[in-house]
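A short write-up of the structure that comes next.
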Amino acid sequence: MSEEHLVTLISEEQIRRRIAELATEIRDDLGNGVITCIGLLKGSFIFLSDLVRAMGGPLRCEFLDVVAYHGGTRSSGAVRITADLRHPIEGQDCLLVVDVIDTARTVAYLKRLLEVRSPRSMKVCTLLDKPSGHETPLEIAYKGFTIADNFVVGYGLDLNEIYRNLPYIATYSP
Ligand code: IMP
Ligand code: MG
Numbered sequence: 000m001s002e003e004h005l006v007t008l009i010s011e012e013q014i015r016r017r018i019a020e021l022a023t024e025i026r027d028d029l030g031n032g033v034i035t036c037i038g039l040l041k042g043s044f045i046f047l048s049d050l051v052r053a054m055g056g057p058l059r060c061e062f063l064d065v066v067a068y069h070g071g072t073r074s075s076g077a078v079r080i081t082a083d084l085r086h087p088i089e090g091q092d093c094l095l096v097v098d099v100i101d102t103a104r105t106v107a108y109l110k111r112l113l114e115v116r117s118p119r120s121m122k123v124c125t126l127l128d129k130p131s132g133h134e135t136p137l138e139i140a141y142k143g144f145t146i147a148d149n150f151v152v153g154y155g156l157d158l159n160e161i162y163r164n165l166p167y168i169a170t171y172s173p
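Per numbering that gives the first Met the number 0, the very first residue in the sequence shown carries number 0; after that it's consecutive.
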């Protein structure tokens, strides 16, 4: 894993502190009842695992895996679910946990799709947000960091499946 193209953007310590704040914010809003945390694979797996430990209290972990209908670096939003939730979410307070929101199309589409299942609430929690990339309106309840429109890797985010295991977030410049 060559690291010569990587420049640290957000350190491990910054991530840890921000996740602690997000966890407190989420529990303050949703209370100490059961929260269904839905991780969007693969990018959210590290964020989700740190977030749920910081949140504490009763919660469920579910996962959703999707593939975009069309390849490329940016999404059209149309996705096919390749691994659905294991259980119904009707009547539950849900948190859709994602790594990064760029065009916002993927998450906007999935949020609508999940809302059809009648959860009590469905809020979006993203580690990173790239507001300049948004192409569709999306309400983001919890946001770790706002970043510029650069390609980043690490802490779950990949470049061709590599770099997910970096413990920090880095910009990648070839
Ligand atoms: P969008 O918001 O529908 O454009 O989709 C966001 C998805 O694009 C994320 O879940 C990532 O898979 C991917 N993505 C967007 N920006 C980056 C980045 O900077 N690094 C790695 N993946 C990214
Ligand atoms: Mg990716």
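Quick reminder that beta carbons are idealized off the backbone N, C-alpha and C, glycines included.
#1: Considering Val6, what are the terminal residues of the beta strand (DSSP E) in which it resides?
#2: Within this structure, are the beta carbons of Leu95 and Met121 separated by less than 9 Å?
#3: Smallest Cα separation from Phe150: which of Lys142, Glu160, Thr170 and Gly143?
#4: Using the C-alpha atoms, what's the distance from Ile34 back to Pro118?
#5: What's the gap between the Cα of Leu8 and the Cα of Arg104?
#6: Note down, in chain order, each residue of its chain lying with its Cβ closer than 6 Å to the Cβ of Ile168, except the 5 sequence neighbours on either side.
#7: Would Asp98 and Leu39 qualify as a contact pair, given that the criterion is a beta-carbon distance under 9 Å?
#8: What are the residues that DSSP puts in a beta bridge with Asp101?
#9: What three-state label does DSSP hand Ser120 in the structure shown?
#10: Taking its Cβ as the centre, do 16 or more other Cβ atoms sit within 10 Å of Val66, making it buried, or is it exposed?
#11: What residues does ligand 2 have around it, judged by CB closer than 7 Å to any heavy atom, in chain order?
#12: Between which two residues does the alpha helix (DSSP H) holding Asp49 run?
With the given structure in hand:
#1: In the sequence shown, the residue the question calls residue 6 occupies position 7. Unbroken beta strand (DSSP E) run through Val6: Leu5 to Ile9.
#2: Locating residue 95 in the sequence shown gives position 96, where the first residue counts as 1. Locating residue 121 in the sequence shown gives position 122, where the first residue counts as 1. In contact: Leu95 and Met121 (Cβ atoms closer than 9 Å).
#3: Mapped onto the sequence shown, residue 150 falls at position 151. For the residues Lys142, Glu160, Thr170 and Gly143, the minimum Cα distance to Phe150 belongs to Thr170.
#4: Locating residue 118 in the sequence shown gives position 119, counting from the first residue. Locating residue 34 in the sequence shown gives position 35, counting from the first residue. For Pro118 and Ile34, the distance between alpha carbons rounds to 11 Å.
#5: As a working mapping, residue 8 is identified with position 9 in the sequence shown. As a working mapping, residue 104 is identified with position 105 in the sequence shown. Distance between the alpha carbons of Leu8 and Arg104 is about 24 Å.
#6: The sequence position of residue 168 within the sequence shown is 169, counting from 1. Here the set comprises Leu8, Ile9, Val151, Gly153 and Tyr154.
#7: The count along the sequence shown starts at 1 and reaches residue 98 at position 99. The count along the sequence shown starts at 1 and reaches residue 39 at position 40. Yes; because the gap between Cβ atoms is below 9 Å, this pair is in contact.
#8: Taking the sequence shown and counting its residues from 1, one reaches residue 101 at position 102. Looking at the DSSP assignment, Asp101 forms no beta bridge with any residue, so it has no partner.
#9: Numbered from its first residue, the sequence shown carries residue 120 at position 121. It is a strand residue.
#10: By 1-based counting over the sequence shown, the position of residue 66 is 67. Label assigned to Val66: exposed.
#11: Gly42, Leu156 and Asp157
#12: Indexing the sequence shown from 1 puts residue 49 at position 50. Element bounds for Asp49: Phe44 to Met54.
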